[in-house]
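*Asks:* Structure provided below as structure tokens; questions to follow.
There are 2 protein chains.
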Amino acid sequence: MSETRSQVLIVEDEAQIRHFVRLALEADGCVVQEAGRLADGLLIAGAGAIDLVVLDLGLPDGDGIDFIRAYRGWSDGPVLILSARTEERHKIDALDAGADDYLTKPFGVGELRARVRALMRRRQRAGGEVSPLLEFGDIVVDLAKRQVWRKGEAVHLTPIEYRLLAMMVSHPGQVLTQRRLLAEIWGASYIESSHYLRVYVGHLRQKLEDDPAQPRHFLTETGVGYRFQTGT
Amino acid sequence: MSETRSQVLIVEDEAQIRHFVRLALEADGCVVQEAGRLADGLLIAGAGAIDLVVLDLGLPDGDGIDFIRAYRGWSDGPVLILSARTEERHKIDALDAGADDYLTKPFGVGELRARVRALMRRRQRAGGEVSPLLEFGDIVVDLAKRQVWRKGEAVHLTPIEYRLLAMMVSHPGQVLTQRRLLAEIWGASYIESSHYLRVYVGHLRQKLEDDPAQPRHFLTETGVGYRFQTGT
DNA sequence: GGAATTGTTTACGACTTTTTTACACGGAAG
DNA sequence: CTTCCGTGTAAAAAAGTCGTAAACAATTCC
């Protein structure tokens with residue numbers, strides 16, 4: 001936490017706990033954003049440069065496990081679970097879905113802060129080792145900074161465009177089915193709205209392909225989904 | 001844990017718990033080394049090749065915190081604390097000294113394994129995942145990416161063509177009856193429409209065989225079905 | 001409050017895939 | 001030799017999918 005302060009997102013329905021966590025983390029110099037529902041949380045996480053997510057599993061508008069899976073679709077950032085569920089089964093499921101730590105309520109504020117510090121420390125160390133720049137022909141993507149360049153020029157992407165791109169570059173060469181893309185970007189209730197994908201893949205091709213009509217990276221697999229091709 | 005198995009070091013004075021942890025982690029494919037004292041633990045860890053340390057804080061020959069500090073002097077590898085001490089102060093101190101996770105005794109074996117998997121996952125994420133390739137002469141199939149190559153060149157297949165190919169390469173050398181292929185690809189009500197198969201096997205031969213008229217992989221078993229021959 | 005940006009929805013032509021139709025080939029049985 | 005059956009190609013028609021532009025609604029930003 002030397003120059004840029006860490007951005008933390010809290011996804012939690014109880015305003016009281018949100019506030020409690022916010023105070024705890026701000027004491028360590030974090031910048032905190034709050035979301036009361038999973039859908040809002042995904043929106044914020046997709047829109048901004050979030051360094052760490054603190055997630056309550058028991059939210060009213062959906063299962064927190066689904067949030068982890070969706071988030072993991074485009075981000076490797078640490079996720080700490082807060083939950084009232086103490087059963088081992090829940091912990092295992094959350095950790096295996098991609099969470100990094102699991103803290104059961106009630107928890108001590110000091111322990112929460114220490115665990116957040118541990119995750120942040122590990123994150124910064126990992127960032128130093130590996131270059132976060134992904135390069136594909138003319139396209140360069142920095143997933144950590146949420147920035148995209150084409151032929152050296154910065155490209156502006158909207159939140160949805162960015163999440164779609166991040167999902168695709170995170171699975172190079174692989175076909176991502178329409179159902180999966182829709183479920184992880186718009187939510188499980190949108191798996192039939194495939195026209196959204198046509199519109200937004202179109203946007204990405206417009207902004208990132210040399211010839212949008214003859215895409216070389218964002219390939220269509222008719223009837224199945226889309227494939228991000230890394231090669232030239 | 002793709003090729004090289006993870007090396008785990010357990011530093012713990014009670015032989016019973018050591019054995020318990022060893023069994024738990026070996027079940028996940030880890031290679032486990034044990035140390036009963038901090039000094040022995042440092043010696044083993046110092047020899048290198050350790051991917052993760054499971055450390056009991058309450059050892060007779062010294063403070064576990066000192067172990068963490070010493071270990072952090074040369075390694076960034078993950079450290080998971082096991083401890084009978086439940087007080088928050090101890091957790092905070094251990095985490096701030098460089099530990100990555102803190103589990104209080106008694107703990108569930110499932111949770112321990114899940115937390116170890118979470119730490120390992122984060123460690124290995126930098127390395128790209130490799131999906132298994134099926135190779136048959138000139139033909140290479142990547143079922144995970146849904147991609148097919150012939151003599152190094154990508155081959156485009158329609159959904160039905162791909163499902164037919166996937167079925168055949170999944171049962172190499174085996175005769176698949178027309179009824180079975182039709183039922184699995186088109187549905188149970190199509191088991192008499194054997195003529196679809198002629199069309200689509202024809203497509204596959206056209207796209208993947210050297211001489212479609214003299215197929216070497218997609219063989220006809222007249223009156224029965226088709227066989228996928230793996231050999232050259 | 002107004003302007004700019006972003007997300008959603010609609011419409012339609014172009015394109016891909018599937019289904020259907022037609023016909024030629026070749027071996028086995030009569 | 002002819003007939004029949006299962007088979008292999010080709011190409012049509014039909015069905016389904018995709019890409020784009022543009023209008024509208026919601027949201028954000030000044």
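So the protein lines, in turn, are chains A and B. Under the UniProt record's numbering, think of the first position of the first sequence as 1, with each following residue one higher. Under the UniProt record's numbering, think of the first position of the second sequence as 1, with each following residue one higher. Backbone N, C-alpha and C fix where the C-beta goes; we use that ideal spot for every residue, glycine too.
1. Taking any Cβ of chain A, which residues in the stretch 141 to 152 of chain B have a Cβ under 9 Å from it, in chain order?
2. Is the Cβ-Cβ distance between residue 137 of chain B and residue 175 of chain B less than 8 Å?
3. Can you pull the chain A neighbours of residue 184 of chain B, defined as C-beta to C-beta under 9 Å?
4. For residue 79 of chain A, which residues of its own chain have a beta-carbon under 7 Å away from its beta-carbon, when the five flanking residues on both sides are left out?
5. Return the CA-CA distance between residue 196 of chain A and residue 167 of chain A, expressed in angstroms with no decimal places.
6. Against residue 88 of chain A, what residues of chain B qualify as contacts under a CB-to-CB distance less than 8 Å, listed in chain order?
7. Give the residues of chain A in contact with residue 159 of chain B, contact being defined as C-beta atoms less than 9 Å apart.
8. The beta strand (DSSP E) spanning residue 56 of chain A covers which residue range?
9. Mind checking residue 213 of chain A: buried by the 16 CB within 10 Å criterion, or exposed?
10. Can you tell me the Cα-Cα spacing of residue 104 of chain B and residue 82 of chain B, whole angstroms?
11. Between A:36, A:206, A:114, A:179, which has its C-alpha nearest residue 155 of chain A's C-alpha?
12. Taking the CB atoms as reference points, tell me whether residue 236 of chain A and residue 165 of chain A lie closer together than 8 Å.
13. Does the beta carbon of residue 64 of chain A sit closer than 8 Å to a beta carbon anywhere in chain B?
14. With 16 other CB atoms within 10 Å as the buried threshold, where does residue 231 of chain B fall?
15. Just the Cα atoms here: how many angstroms apart are residue 13 of chain A and residue 35 of chain A?
16. Return helix, strand or coil for residue 229 of chain B, following the three-state DSSP convention.
17. Can you give the Cα-Cα distance for residue 112 of chain B and residue 119 of chain A, rounded to whole angstroms?
18. Is residue 151 of chain B near the ligand COA - that is, is its Cβ less than 7 Å away from at least one heavy atom of it?
19. Using a Cβ cut-off of 8 Å, pull out every chain A residue sitting near residue 99 of chain B, in sequence order please.
20. Assign residue 181 of chain B to buried or exposed, taking buried as 16 or more other Cβ atoms, counted over all protein chains shown, within 10 Å of its Cβ.
21. With 16 as the cutoff for other CB atoms within 10 Å, does residue 130 of chain A come out buried or exposed?
22. Can you tell me whether residue 45 of chain A is buried or exposed? The criterion is at least 16 other CB atoms within 10 Å of its CB, across all chains shown.
23. Check the Cβ-Cβ distances between residue 173 of chain A and every residue of chain B, and say whether any is below 8 Å.
24. Buried or exposed: residue 133 of chain A, going by 16 or more other Cβ atoms within 10 Å of its Cβ?
25. Which bits of chain B does residue 114 of chain A rub up against, with CB to CB less than 7 Å?
26. Give, in chain order, every residue of the stretch 73 to 85 of chain A whose Cβ lies closer than 9 Å to some Cβ of chain B.
27. For the candidate residues B:107, B:192, B:150, whose alpha-carbon lies nearest to that of residue 20 of chain B?
28. Indicate the three-state DSSP secondary structure (helix, strand or coil) for residue 193 of chain B in the structure shown.
29. Give me the DSSP bridge partner(s) of residue 149 of chain B.
30. Scan the stretch 194 to 210 of chain B for residues whose Cβ lies nearer than 9 Å to a Cβ of chain A and list them as they occur along the chain.
31. Can you round the beta-carbon distance between residue 217 of chain B and residue 209 of chain B to whole angstroms, since I take them to be within the 8 Å contact cut?
32. For residue 179 of chain A, which residues from the same chain have a beta carbon less than 7 Å from its beta carbon, with the 5 sequence-adjacent residues on both sides left out?
33. Please check if any C-beta of chain B sits within less than 8 Å of the C-beta of residue 122 of chain A.
34. Would you identify the three-state DSSP class for residue 59 of chain A, choosing helix, strand or coil?
35. What is the rounded straight-line gap between the Cα of residue 6 of chain B and the Cα of residue 47 of chain B?
*Replies:* With the given structure in hand:
1. Of all residues in the stretch 141 to 152 of chain B, only 142, 144, 145, 146, 147 place a beta-carbon less than 9 Å from a beta-carbon of chain A.
2. To locate residue 137 of chain B, count along the second sequence from 1; it is residue 137. To locate residue 175 of chain B, count along the second sequence from 1; it is residue 175. Cβ atoms of residue 137 of chain B and residue 175 of chain B: not closer than 8 Å.
3. Translated into positions along the second sequence, residue 184 of chain B becomes position 184. Near residue 184 of chain B there are no residues of chain A at all, since even the closest Cβ is about 17 Å away, more than 9 Å.
4. Position 79 of the first sequence, counted from the start, is the residue given in the question as residue 79 of chain A. Excluding five sequence positions before and after residue 79 of chain A, the CB atoms of its chain that fall closer than 7 Å to its own CB belong to 53, 55, 68, 71, 98, 99, 100, given in chain order.
5. Along the first sequence, read from residue 1 onward, the residue named residue 196 of chain A stands at position 196. Along the first sequence, read from residue 1 onward, the residue named residue 167 of chain A stands at position 167. If you take the alpha carbons of residue 196 of chain A and residue 167 of chain A, they lie about 15 Å apart.
6. Counted from its first residue, the first sequence places residue 88 of chain A at position 88. The answer, in chain order, is 108, 110, 111.
7. Your numbering for residue 159 of chain B matches position 159 in the second sequence. Ordered by position in chain A, the residues that pass the 9 Å Cβ test against residue 159 of chain B are 221, 222, 223, 224.
8. Along the first sequence, one-based indexing puts residue 56 of chain A at 56. It spans 52 to 56 - the beta strand (DSSP E) in which residue 56 of chain A sits, taken as one unbroken run.
9. Walking along the first sequence from the start, residue 213 of chain A turns up at place 213. So residue 213 of chain A counts as exposed.
10. Numbered from its first residue, the second sequence carries residue 104 of chain B at position 104. Numbered from its first residue, the second sequence carries residue 82 of chain B at position 82. Answer to the nearest angstrom: the Cα atoms are 6 Å apart.
11. Locating residue 155 of chain A in the first sequence gives position 155, where the first residue counts as 1. Closest in alpha carbon position to residue 155 of chain A, among A:36, A:206, A:114, A:179, is A:206.
12. With chain A covering 1 to 232 only, the question about residue 236 of chain A has no answer from this structure.
13. In the first sequence, the residue the question calls residue 64 of chain A occupies position 64. Residue 64 of chain A does not count as touching chain B.
14. Indexing the second sequence from 1 puts residue 231 of chain B at position 231. Exposed, since its Cβ has fewer than 16 Cβ neighbours within 10 Å.
15. Counted from its first residue, the first sequence places residue 13 of chain A at position 13. Counted from its first residue, the first sequence places residue 35 of chain A at position 35. Take the alpha-carbon of residue 13 of chain A and the one of residue 35 of chain A: they are about 8 Å apart.
16. If you number the second sequence from 1, residue 229 of chain B lands on position 229. Coil, per DSSP.
17. Against the second sequence, residue 112 of chain B aligns to sequence position 112. Against the first sequence, residue 119 of chain A aligns to sequence position 119. Those two C-alpha atoms are separated by around 18 Å.
18. For the ligand COA, the structure offers nothing, since it holds no ligand at all.
19. Mapped onto the second sequence, residue 99 of chain B falls at position 99. Near residue 99 of chain B (Cβ distances below 8 Å), the residues of chain A are 118.
20. As a first step, residue 181 of chain B must be located in the second sequence, where it is residue number 181. Under this definition residue 181 of chain B is a buried residue.
21. By 1-based counting over the first sequence, the position of residue 130 of chain A is 130. Note that residue 130 of chain A scores a pLDDT of 47, beneath 50, so its modelled location is shaky; the value from the coordinates is reported in the next line. Per the 10 Å Cβ criterion, exposed.
22. The sequence position of residue 45 of chain A within the first sequence is 45, counting from 1. It counts as buried.
23. To locate residue 173 of chain A, count along the first sequence from 1; it is residue 173. For residue 173 of chain A, the answer is yes, since a Cβ of chain B falls inside 8 Å of its Cβ.
24. Numbered from 1 along the first sequence, position 133 holds the residue referred to as residue 133 of chain A. Under this definition residue 133 of chain A is an exposed residue.
25. In the first sequence, counting from the first residue as 1, residue 114 of chain A sits at position 114. In chain order: 91, 92, 95, 96.
26. Taking a C-beta cut-off of 9 Å against chain B, the contacting residues of the stretch 73 to 85 of chain A are 76, 78, listed in chain order.
27. Position 20 of the second sequence, counting from 1, holds the residue named residue 20 of chain B. Considering only B:107, B:192, B:150, the residue with the shortest C-alpha distance to residue 20 of chain B is B:107.
28. The count along the second sequence starts at 1 and reaches residue 193 of chain B at position 193. In the three-state scheme derived from DSSP, where H, G and I count as helix and E and B as strand, residue 193 of chain B is classed as coil.
29. As a position in the second sequence, residue 149 of chain B is number 149, starting the count at 1. In DSSP, residue 149 of chain B forms a bridge with B:140, B:154.
30. Taking 9 Å as the Cβ-Cβ cut-off against chain A, none of the residues of the stretch 194 to 210 of chain B qualify.
31. Mapped onto the second sequence, residue 217 of chain B falls at position 217. Mapped onto the second sequence, residue 209 of chain B falls at position 209. With a Cβ gap of about 6 Å, residue 217 of chain B and residue 209 of chain B count as contacting.
32. Indexing the first sequence from 1 puts residue 179 of chain A at position 179. Correct list, in chain order: 191.
33. One-based indexing of the first sequence puts residue 122 of chain A at position 122. Yes - at least one Cβ of chain B is within 8 Å of the one on residue 122 of chain A.
34. As a working note, residue 59 of chain A is residue 59 in the first sequence. For residue 59 of chain A, the three-state secondary structure derived from DSSP is coil.
35. For the purposes of this step, residue 6 of chain B is taken as the residue at position 6 of the second sequence. For the purposes of this step, residue 47 of chain B is taken as the residue at position 47 of the second sequence. C-alpha separation (whole angstroms): 15 Å.
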